[in-house]
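The numbers in the working numbering rise by one with no breaks, and the one at position 146 of the sequence shown is 146.
Note that the Cβ used here is the ideal one computed from N, Cα and C, for glycine as well.
Let me begin by presenting the structure, written as structure tokens, before commenting on it.
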Amino acid sequence: MTKQYRFDATQRVWLDQASDAFNYSDGDSAEDYLYSVLKESADVSTQSAELLAAIKDWPSEYHLSPARHNLLRPFPFKPTDRILELGCGCGAMTRYLAETGATVVAVEGSRRRAAIAAERCRDLPNVTIYCDNIADFAPVDKFDYVTLIGVLEYAPKFIQAPDPVGACLKQAGAFLKDDGALVLAIENQLGLKYLAGCGEDHNGLPFFGVHDLYGAGTAITFGKEELESRLRASGLADASFLYPFPDYKLPNVILTERAFDRADFSVADLLCRSFSRDYAGERPRAFHENLAWQPLARNGLVQDHANSFLVVGRKTRPEDSPRPEWLARIYSSGRLPAFQTETIFLPDGEGVAVAKRALFPEALPPGHVEGPDFVHHPPARAPYVPGRLYAAELQLIMARGGDPAAVARWAAPWVERLVAKAVPGPENVLVLPGGWLDAIPANMVRDGSGGLVDIDLEWGAKAPVPLAWVLVRGLFNSLAACPPSPGFTGLTFREGVRRILEKSGRTLSDEDFATAALFEDSLRGAVFGRDSVVRSFAEFLAEPISSNAPTTFDQEIARLNEEIARVKGTFSWQITKPLRFLAFLGRKVGLGLAFLSSHPLRKRRVIG
């Protein structure tokens, strides 16, 4: 190092003279809670069940969820790599990077957050944490990777320069080896969820970024073209864009540019069940984002309106820069480690191949049976089936106001397919082969001939399963991913499913629904862990189908009143109060004069 640091042995952090260079915080209570959770947990690894169980709100989810690490899983980090993490926060990504075996140097401006990061990595000797401002950090060695994950947007807050964003990018680039890579993650100013009305992530205000209201000292984000231009201006000759969905914070889908170059690969179908979150609170949205991806994809606009960017910047010329060969990656999240998977879509001759691998193969041996009933048998490799995802068709039907009869017509080929395979079981209950429990619309594609083709049948059962269960779980899974329809107003999922199946010629009894709930709870417990299933499937079925509908008029009025109260409490509103009073008084006087001039008594006086 070219500057002096002192080591705080208690917090395991190297401190510069300022010792707290940047006062960004998620709040005292949130960070105190996080620190106490880490101190009290025996396992602080990326797959810690203790940390997962400690998630109670958005701040704790952001810092403790293993879904955050999906963002970096595509990168081939090696034990020989040196990685510099700028703005490491509370150490969630630091922990992941260090578990790859790489040497990690992490810099964080807040002393408390640096201490939390050190606690998260307390058992990893390959991690060094510094509390310093990025602009002042001065290591001697260069790095194979430098990361700016959720950091660049705050440059105006922690870098004093005429162009803080440019200064931050140049500083990060200066830390790179000649063949090194900058890994940058940031929100898209023109992301689809922000156009739909979600709050800007850094201040919670809707349309703040879309209206370009950023100013000096505020966090700032950029659209694709502007971000690419800024990267080039900083000295990075190449910028390779990837697109994490629903965003970079908790991604479950990551797309490369190659994914958009193939007519036989449906990007929109990968996104039709990727739900973005409004981290500032659930406001009503102007449109259903999952439906909007279809026309955006047809018009080549998905990249411009992805909610976040994941960018790999390099100093080398574009023709010398490696490009990912894969098209897309999908990650399962929330499952027990043994069942978490990565699905990779790869070019394969004239077509596309789908490869699936366990993220944690050491957790349990392949083919492990969880409990007495279910088997996890993900296909290792299969051909990609071109066509339209069957479940995505239902989203359009519901958006057009579809009722149970319309949904029954859509579901007819699937229902007939299952019924044809069903046989009488114990007590004459119709059952399906155990390998068919995953044969639901979400796992089917309608191919070019109009037929239904199974994809990704990941789960099976050792014994036959009730036909009623597969019908109920398939319809619930499909309806839950749809926009609300007036054709289902006042109906619960259970009643909606019942009416759909009645229109299809199938009648389900109370016992059928009870059996379906029992089997679904058993499967969910096997996949996610018994302790993670806090609500029964019967409770989900009892919810109204329109529960994801836009807010009612009364709710919207209440929200607007809350916003008015917030604005009236701001400093700017208070200091302009005298000016508003004078303007109000002027309007009153003007209205009074106009009233007198037009009043009948006044007219009589004038006439008389």
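Residue i: which of the options sits nearest, CA to CA?
i	options	result
A514	G490, V470, P486	V470
V237	L394, V311, L271	According to the sequence shown, residue 237 is Ala rather than Val. It is V311.
G435	Y384, H376, R473	H376
Q47	H69, V267, L479	H69
G349	L336, N307, R262, F339	R262
L396	P284, T492, W293, G150	W293
L647	T103, C88, E539, S449	With the chain represented from 1 up to 608, any question about residue 647 goes unanswered, as that position is not in the structure.
A297	S478, L336, L270	L270
F265	G235, D212, P383	P383
A353	F360, L359, T343, P361	T343
T341	L291, I83, A363, D16	A363
V13	R112, Y194, K462, A516	R112
I129	R120, A114, D136, S45	A114
I455	A54, R388, D179	R388
R277	D247, F260, A286, F287	D247
L661	P284, L182, S60, A118	Nothing can be reported for residue 661: it is not among the residues displayed for the chain, which extend from 1 to 608.
L430	L479, P486, R506	R506
Y16	A135, A185, L184, S478	Going by the sequence as given, residue 16 is Asp instead of Tyr. The residue with the shortest Cα to Cα distance from D16 is A135.
L38	L184, L394, R122	R122
Within 10 Å of its beta-carbon, does residue i have 16 or more other beta-carbons around it, so buried, or fewer, so exposed?
i	result
Q4	exposed
T10	exposed
P484	buried
T489	exposed
F345	buried
Q616	There is simply no residue 616 to check, as the chain begins at 1 and stops at 608 in what is shown.
T256	buried
S36	exposed
E427	exposed
G448	exposed
G217	exposed
D43	exposed
K56	exposed
H63	buried
S229	exposed
At the level of alpha carbons, what is the spacing between residue i and residue j?
i	j	result
L124	A98	7 Å
V253	R329	6 Å
P139	Y24	23 Å
A542	D438	23 Å
T147	D132	16 Å
V465	I220	53 Å
A30	W58	10 Å
R6	C90	20 Å
R524	G173	46 Å
P164	N203	19 Å
E226	G166	12 Å
L418	G450	17 Å
W414	K421	11 Å
G351	D8	56 Å
F158	G109	9 Å
L644	F245	What is shown of the chain runs 1 to 608, which leaves residue 644 out entirely.
K249	G313	19 Å
R335	A49	11 Å
G191	S509	45 Å
V533	L52	13 Å
H288	N307	14 Å
A259	L327	5 Å
F339	C482	26 Å
V267	D28	41 Å
V497	S546	14 Å
Would you grab the beta carbon distance between residue i and residue j for me? Rounded to a whole angstrom, and I think it's under 8 Å.
i	j	result
N443	L457	6 Å
D81	A102	4 Å
L84	F175	5 Å
D144	K177	6 Å
A408	K503	3 Å
A54	S60	6 Å
P324	P74	7 Å
D304	G223	7 Å
Taking the DSSP output, what are the residues bridged to residue i?
i	result
D238	R314
G505	In the DSSP output, where bridge partners are listed per residue, G505 has none listed.
W459	H376
G199	P206
F245	V253
Y130	W14, V107
R388	R446
P544	T492
P139	For P139, which the question treats as bridged, DSSP gives no partner whatsoever.
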